[in-house]
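> For the sequence shown, the working numbering assigns the number 605 to the initial residue and increments by one for each residue that follows.
For every residue, glycine included, the Cβ atom is placed at its ideal position computed from N, Cα and C.
Quantities reported herein were computed from a predicted structural model and do not represent experimental measurements.
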Amino acid sequence: MNSKLLYKRIAALIFACALAAGSFSQGTVAYAAKQAGEDTREEAVEVGEDKSQETIRYGTVEEAENETAQDTQDTQATGEEDSSQDKISVEIQTPNIRKGYVKKADGTSLYADKSLSSKKVKKLSFDTKVMYSEVNSKWVLATSGKKSGYVLKKSIIDDNEPVKTMKVKGASAFKSYMSYKAIGNKTSPQYKLQKKAKTTSQGLRTVNGRYCIAIGQGAGAHIGQYVDVVLENGTVIKCIVSDFKGNSITTTKSSHMVTKGNGCASEFLVSMGKLKSAIKNSGDASKADSSWSSKVVEIKLYDADVDI
């Protein structure tokens, strides 16, 4: 190695030290930068290698002087001492918070850690609303009331993600009703579900706040499954599958979802003794709420049900 190349490598070393220590004058740093840049180019020619892709922090004397001056101004403006240590930037990501409900029939719990053997923070009953975000493929971090903890992902149903959506054609705004006492088979899931049901002030039967309805078998649902009845005016009626309409009374044009004659796609289960007179006299459960007087256009099924 010739003396000129050795000298310029020493200049490059001085440049590196100046950057690390910050104790050399601007002129020294700029000069070392210039020599280091020339050294890089000359060495590339000498050894026959292409170093055009390498990045040099200060490619020219002007850049070295400008950046050094800017560093001095920043230090004076903030009153902070210059540090040779790199600052680590931490990016804080906001988790995707979602609304869901406990779908396990026997409930579940908020756990202190991602383990079923950890401390139970709070007992969660079926259909409890939670706000949650996914932790991994098995666990979610959930909040219920003022308590937070971990819950098995499979125990939560996302209220915004139906597992099946069916378009309903040919339905009317009429919604018939039937007495829940018409279900006489005590061994049937329909009968067992009504043992869990309550009657509203208008005489409609509900389970976990969802209206009990009978739907056509074309939906492929099962008793106790959560279902949303979507109306043409945008109203969504939260229901639960409580019985099925016979194929003989439904039209095949609607895949056995709509009753022949009256166009009903959702038949409500009621308690006749407490049924509101407006519903009883008209035969139409839509009288329970003014927003219900609209055609059924869609049925949404969820992966949530009552264990019967």
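1. Only counting the same chain, and skipping five residues up and downstream in sequence, which positions put a Cβ closer than 8 Å to that of serine 780?
2. Using CA atoms only, rank isn't needed, just tell me which of Lys904, Ser898 and Ala882 is closest to aspartate 774.
3. Examine chain B for any beta-carbon lying closer than 7 Å to the beta-carbon of isoleucine 760, and answer yes or no.
4. Taking 7 Å as the cut-off, decide whether the C-beta atoms of alanine 908 and tyrosine 830 are in contact.
5. Leaving out five residues before and five after lysine 742 in sequence, what residues of the same chain have Cβ atoms less than 7 Å from its Cβ?
6. Enumerate in chain order the residues of its own chain whose CB-to-CB distance from glycine 788 is below 8 Å, with the five nearest sequence positions on each side excluded.
7. Should lysine 891 go down as buried or exposed, given a rule of 16 or more other Cβ atoms within 10 Å for buried?
8. Among Asn851, Ile853, Gly828 and Thr854, whose alpha-carbon lies nearest the alpha-carbon of isoleucine 844?
9. Is the distance from the Cβ of aspartate 731 to the Cβ of tyrosine 705 below 7 Å?
10. Does the Cβ-Cβ distance between arginine 809 and alanine 801 come in under 7 Å?
11. Helix, strand or coil for threonine 855? Go by DSSP, reduced to three states.
12. What span of residues does the beta strand (DSSP E) with serine 846 cover, start to end?
13. Can you tell me which of the three DSSP states methionine 876 falls into?
14. May I have the straight-line CA-CA distance separating threonine 804 from methionine 782, to the nearest angstrom?
15. According to the neighbour-count rule (16 or more other Cβ atoms, all chains shown, within 10 Å of its Cβ), is serine 729 buried or exposed?
16. With distances taken between CB atoms, is the gap from glutamine 806 to phenylalanine 848 smaller than 7 Å?
17. By alpha-carbon positions, which one of Lys842, Ala825 and Met735 ends up nearest to methionine 861?
18. Under 7 Å between the Cβ atoms of alanine 823 and methionine 876?
19. Going by DSSP in three states, glycine 822 sits in which element: helix, strand or coil?
Here's the rundown:
1. The sequence position of residue 780 within the sequence shown is 176, counting from 1. A distance below 8 Å between beta-carbons, with the five flanking residues on each side excluded, links serine 780 to the following residues of its chain, in chain order: Thr863, Asn866, Cys868, Glu871, Phe872, Gly887, Asp888 and Ala889.
2. Reading the sequence shown from its first residue, position 170 is the one you call residue 774. The residue asked about is misnamed: residue 774 is glycine in this sequence, not aspartate. The option with the nearest alpha carbon to glycine 774 is Ser898.
3. The structure shown contains no chain B; it holds only a single protein chain.
4. Taking the sequence shown and counting its residues from 1, the one referred to as residue 908 is at position 304. Taking the sequence shown and counting its residues from 1, the one referred to as residue 830 is at position 226. The Cβ atoms of alanine 908 and tyrosine 830 lie closer than 7 Å to each other.
5. In the sequence shown, residue 742 corresponds to position 138, counting from 1. Excluding five sequence positions before and after lysine 742, the CB atoms of its chain that fall closer than 7 Å to its own CB belong to Leu756 and Lys757, given in chain order.
6. Residue 788 sits at position 184 when you count from the first residue of the sequence shown. Answer for glycine 788: Tyr795, listed in chain order.
7. For the purposes of this step, residue 891 is taken as the residue at position 287 of the sequence shown. Buried.
8. Taking the sequence shown and counting its residues from 1, the one referred to as residue 844 is at position 240. Minimum Cα distance to isoleucine 844 is reached at Gly828.
9. As a first step, residue 731 must be located in the sequence shown, where it is residue number 127. As a first step, residue 705 must be located in the sequence shown, where it is residue number 101. Their beta carbons are under 7 Å apart, which means aspartate 731 touches tyrosine 705 by this criterion.
10. Translated into positions along the sequence shown, residue 809 becomes position 205. Translated into positions along the sequence shown, residue 801 becomes position 197. In this structure, the beta-carbon distance from arginine 809 to alanine 801 falls below 7 Å.
11. Here residue 855 is taken as the residue at index 251 of the sequence shown, counted from 1. Here threonine 855 sits in coil by DSSP.
12. In the sequence shown, the residue the question calls residue 846 occupies position 242. Note, serine 846: beta strand (DSSP E), 840-849.
13. Taking the first residue of the sequence shown as 1, we reach residue 876 at position 272. Three-state DSSP puts methionine 876 in a helix.
14. Counting from one through the sequence shown, the residue named residue 804 turns up at place 200. Counting from one through the sequence shown, the residue named residue 782 turns up at place 178. The alpha-carbon atoms of threonine 804 and methionine 782 are separated by roughly 15 Å.
15. Translated into the one-based positions of the sequence shown, residue 729 becomes position 125. A residue is called buried when at least 16 other Cβ atoms come within 10 angstroms of its Cβ; serine 729 does not meet this threshold and is exposed.
16. Indexing the sequence shown from 1 puts residue 806 at position 202. Indexing the sequence shown from 1 puts residue 848 at position 244. Contact flag unset, no.
17. Here residue 861 refers to the residue found at position 257 of the sequence shown. Checking every option, the nearest Cα to that of methionine 861 belongs to Ala825.
18. As a first step, residue 823 is located in the sequence shown; it is residue number 219 there, counting from the start. As a first step, residue 876 is located in the sequence shown; it is residue number 272 there, counting from the start. Cβ distance not < 7 Å, so alanine 823 and methionine 876 don't count as in contact.
19. Numbered from 1 along the sequence shown, position 218 holds the residue referred to as residue 822. Note: glycine 822 maps to helix in three-state DSSP.
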